[in-house]
Amino acid sequence: MVGKTISHYNILEKIGQGGMGEVFLAQDTSLDRKVALKFLPENMQQDPTARKRFLREAKSAAALDHPYICHIHEVGEEEGQPFISMEYIQGKTLGQTLTEGPLPLKRALQTAVEIAEALQTAHKNNIVHRDLKPSNIMLTPDGHVKVMDFGLAKRLTPVEGQDEEEISTKLTKDDSILGTVPYMSPEQLRGQEVDARSDIFSFGVVLYEMLTGVHPFKKDGHIDTAKAVLSDTSPPLSRYAEDVPVLLQHTVKKMLAKEPGERYQLVHDVKTDLGEIIVISGESALNSEVLTAASAKPSYFWPVVAGGLMLVVMLALAFFWPFTAAPPEGPIDSIAVLLFENQSGDPDLNYLSEGIAGEVTYSLSQLPNLRVMPTSAVARYRGQEVTPQSVAGDLKVRAVVTGKATQQGDNLSLRVELVDTQEDRLLWGQQYLRKSTDVVTLEQEIAQDISDNLRLQLSGADQEQLSKRYTTNSEAHQDYLQGRFHRRSNLP
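Per numbering that gives the first Met the number 0: the sequence shown ends with 491, consecutive numbering throughout.
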């Protein structure tokens, strides 16, 4: 294959092989860029089931657009041989990285948050990965995640006209085609229907390995490993790793629950708890040593530590957990998004906090049956201490969105709240932790989360409008936000 030209791709070298395909580095002559080309192995090219599963990978992955998911450029066929052209990612797989030992706690948590964000995007699109494992997660040279290989991905809600034939799970020597046994959930091993909670179990295994360098269930053979996944309790993280925060131990344990109903039900909740752990382990007065000691000393010291831990947890719940109240009666039909407050102490960043609010306002204004106050109408409140109730009274709207942004270096923290002023209650709140380069994705996510909590009946076209991007260039988008901010500031 090396040296051949397939369509407009010159094959340069073989860079990988798995149960569902061979991967080659190629030069895209039409766009002058390097890509990864994936082909079915020769022994499977005549297998219609394998071809169907191969193309399903492309369709599933192509539907996902997120910076932490490997992008699909094209699906093609040359002389009866199907291929997938995808983003070429330099770096190492997480599996290769873990051969050098476990990740430091801070890096493991940040990596886990990015994996959670990728899975959350897939699950929002009703796609379950079903083969999440370290070798399917790339770590780029700048330290970010790219989740790859949706070869076993399955839509929970099949696309119209798409055949979602289920192939029962079998423990065979060639298990990589149907899943990788050490990372399968118990229900997947049993050949039962799987949903997003199955990915959460696999994610728990990956996170356990990142923290300890040890697989919690793997034995000498597939059969013994499968038995361990089905029945063995994972060893405590503290057996293999020191200074693991107690809350992190609980998080991993809940991810690895045998019964789906006892696990996290949404990967969003996993991400939220990981964010809380980052805050507590990195910024609170109680460091990981104290948290770990709290679980190891059942003495008179425990009530004191437990009380302090409870206080920290309560503060974290108040400021960093998402909050969703009981939904209002009927949909909310009018809203104002106040300019987000810049709490960074640097006035040069006002453009970013206000710009994000403006973009969220614009996205919401595209929705039918929702009256959205323009940014010019809320600008009068800039720098003033006002309540959502007073703003709602002035502008004659039912709901008000507020936000507070903090940026340190490349890290952006943004807390957003949605208040129903008619019933005088907080409907929803969320803390977002992002890189400043992810502003475009962040704006879309905030608008989507707000619309979800307004009880609006949205069509597929409406949902598509919310997720519409006018640029994927973060630098260009921030230049646009700066330009618009300065123009607005100079208006009389």
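Here a beta-carbon is modelled for each residue, glycine too, at the ideal position from N, C-alpha and C. Model, not experiment: these values are computed from the prediction.
Paired residues, beta bridge with residue i - DSSP
i	result
residue 401	416
residue 246	Answer is none; residue 246 lacks a bridge partner.
residue 81	76
residue 8	5, 27
residue 429	415
residue 340	403
residue 410	407, 434
Straight-line gap, residue i to residue j (C-alpha atoms, nearest Å)
i	j	result
residue 140	residue 365	38 Å
residue 387	residue 105	37 Å
residue 142	residue 251	22 Å
residue 431	residue 27	37 Å
residue 369	residue 379	22 Å
residue 396	residue 352	22 Å
residue 242	residue 185	29 Å
residue 86	residue 73	10 Å
residue 439	residue 110	20 Å
residue 191	residue 259	12 Å
residue 180	residue 224	7 Å
residue 232	residue 5	49 Å
residue 454	residue 330	5 Å
residue 393	residue 343	29 Å
residue 296	residue 215	Low confidence applies here, because residue 296 scores a pLDDT of 35, under 50, leaving its location unreliable and the question unanswered by this model.
residue 0	residue 363	50 Å
residue 447	residue 356	13 Å
residue 132	residue 12	25 Å
residue 39	residue 80	8 Å
residue 15	residue 420	56 Å
N- and C-terminal bounds of the beta strand (DSSP E) containing residue i
i	result
residue 145	144 to 146
residue 35	32 to 38
Start-to-end residues for the alpha helix (DSSP H) that takes in residue i
i	result
residue 105	104 to 123
residue 196	195 to 211
residue 376	374 to 377
residue 94	93 to 97
residue 393	387 to 394
residue 222	221 to 230
residue 136	First-last for residue 136: 136 to 138, but that is the beta strand (DSSP E), not the alpha helix (DSSP H).
Closest residue to residue i among the options (Cα-Cα distance)
i	options	result
residue 146	102, 193, 205	205
residue 108	423, 247, 390	247
residue 418	412, 426, 411	426
residue 57	34, 233, 77, 83	83
residue 408	249, 61, 345	345
residue 118	196, 415, 359, 446	196
residue 234	222, 122, 256	256
residue 376	330, 335, 277	335
residue 124	99, 194, 98	194
residue 122	134, 97, 90, 60	60
residue 33	10, 210, 47, 274	10
residue 103	137, 14, 208	208
residue 434	410, 90, 227, 228	410
residue 222	183, 14, 35	183
Below-8 Å beta-carbon distance, residue i vs any chain B residue
i	result
residue 442	Any reference to chain B falls outside this structure, which holds one protein chain only.
### Message
Would the stretch 110 to 121 count as touching the stretch 54 to 69 if we require 3 or more Cβ pairs under 8 Å?
### Response
yes
Is the number of C-beta pairs between the stretch 184 to 204 and the stretch 261 to 270 that are closer than 8 Å three or more?
yes
Between the stretch 399 to 419 and the stretch 229 to 241, are three or more C-beta pairs nearer than 8 Å? no
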